[in-house]
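*Asks:* First residue of the sequence shown? That's 1 in the UniProt record's numbering, and the numbers climb one at a time after it.
I have a structure I would like to understand better, so I am pasting it below and will then ask my questions one at a time.
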Amino acid sequence: MTGFMRNLFGPYQLYDTPDHEDLVPKLLFVEKWAIYGSGFLSLFEVLLTPKPPKGFFAKSRVVMKYVAPVAVAGGTFVGTLFASAQLRGKKDDEWNSFNATITSGAMYHYLLKGSPYTFITYFMYVGFVTNVWKQAKLNGWGFDDYEKQMEQRQYGFTSGPYLFDWSLSKEYPPKWVNADDLTEEERAKVKIAT
Numbered sequence: 001m002t003g004f005m006r007n008l009f010g011p012y013q014l015y016d017t018p019d020h021e022d023l024v025p026k027l028l029f030v031e032k033w034a035i036y037g038s039g040f041l042s043l044f045e046v047l048l049t050p051k052p053p054k055g056f057f058a059k060s061r062v063v064m065k066y067v068a069p070v071a072v073a074g075g076t077f078v079g080t081l082f083a084s085a086q087l088r089g090k091k092d093d094e095w096n097s098f099n100a101t102i103t104s105g106a107m108y109h110y111l112l113k114g115s116p117y118t119f120i121t122y123f124m125y126v127g128f129v130t131n132v133w134k135q136a137k138l139n140g141w142g143f144d145d146y147e148k149q150m151e152q153r154q155y156g157f158t159s160g161p162y163l164f165d166w167s168l169s170k171e172y173p174p175k176w177v178n179a180d181d182l183t184e185e186e187r188a189k190v191k192i193a194t
């Protein structure tokens with residue numbers, strides 16, 4: 001697979017490399033998911049409205065109403081992330097994401113010509129997600145254990161070392177016998193009162 005196709009459909013993530021490196025793969029990654037997400041929302045808008053727009057250009061206008069602001073805000077985010085890291089002396093920390101969130105939120109607010117709440121909600125949501133994501137990448141945090149995932153793939157989710165006994169009582173020992181099954185001599189040894 002060529003470099004362009006690998007970056008377009010491949011396993012590259014936003015924070016695989018430091019913020020001051022690989023501008024084009026970062027841009028392709030963010031734009032790809034921005035177009036996927038906003039295109040999915042615009043599909044709902046076109047298909048589920050009571051009076052859907054008729055004609056190709058009318059439908060394209062509705063799609064671009066959703067896709068264009070998100071794509072521009074995503075491009076602004078990546079450009080500011082890269083520029084902030086370059087201007088701050090190639091530092092790779094969460095402040096680059098903070099600066100990128102402010103500028104892309106302002107661009108998104110300007111393009112939508114919305115109320116101040118569009119900027120505030122965008123800033124709070126995207127800022128929180130990107131900063132937590134960057135902190136997790138820098139500190140090695142994760143939501144899952146890789147070894148546990150491998151064992152679950154090997155044994156399945158209902159067997160193996162992660163299958164716990166949820167019964168109310170413990171199992172009897174292997175050589176357990178009932179008191180009624182004992183002879184008189186065995187009862188005397190164990191001192192069981194009858």
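Using N, Cα and C, we set each Cβ at its ideal position, and we do this for glycine too.
If you count every other CB in all the chains shown that lies within 10 Å of the CB of residue 44, and 16 or more means buried, which is it?
*Replies:* exposed
*Asks:* State buried or exposed for residue 30, treating a residue as buried only when at least 16 other CB atoms are found within 10 Å of its CB.
*Replies:* buried
*Asks:* State yes or no: is the C-beta of residue 122 within less than 8 Å of the C-beta of residue 105?
*Replies:* Yes. Within cutoff.
*Asks:* When the Cβ atoms of the region 77–85 are set against those of the region 96–115, are three or more pairs found closer than 8 Å?
*Replies:* yes
*Asks:* For residue 178, which three-state DSSP category applies?
*Replies:* coil
*Asks:* When the distance is taken between beta carbons, is residue 72 closer than 8 Å to residue 42?
*Replies:* Taking 8 Å as the cut-off, the beta carbon of residue 42 is found no closer than this to the beta carbon of residue 72.
*Asks:* Using beta-carbon positions only, say whether residue 96 and residue 22 come within less than 8 Å of one another.
*Replies:* no
*Asks:* Give me, in chain order, the residues of the same chain whose beta-carbon lies closer than 8 Å to that of residue 116; leave out the 5 immediate sequence neighbours on both sides.
*Replies:* Residues of the same chain with a CB within less than 8 Å of the CB of residue 116, apart from the 5 flanking positions on each side, are 109 in chain order.
*Asks:* Starting from residue 59, follow the alpha helix (DSSP H) in both directions and report where the run begins and ends.
*Replies:* Segment 56–87, the alpha helix (DSSP H) holding residue 59.
*Asks:* According to DSSP, simplified to helix, strand and coil, what is residue 117?
*Replies:* Here residue 117 carries a helix assignment [DSSP, helix/strand/coil].
*Asks:* So the alpha helix (DSSP H) residue 105 belongs to, where does it begin and stop?
*Replies:* 94–112
*Asks:* First and last residue of the alpha helix (DSSP H) that includes residue 11?
*Replies:* Per DSSP, residue 11 belongs to no alpha helix (DSSP H) and is neither H nor E.
*Asks:* Once the 5 residues before and after residue 88 are set aside, which same chain residues still bring their CB inside 8 Å of it?
*Replies:* 95, 96
*Asks:* I'd like to know whether the C-beta atoms of residue 32 and residue 14 end up nearer to each other than 8 Å.
*Replies:* The Cβ atoms of residue 32 and residue 14 lie no closer than 8 Å to each other.
*Asks:* Report the three-state DSSP secondary structure of residue 133 (helix, strand or coil).
*Replies:* helix
*Asks:* Exposed or buried, which one is residue 190 when buried takes at least 16 other CB atoms within 10 Å?
*Replies:* exposed
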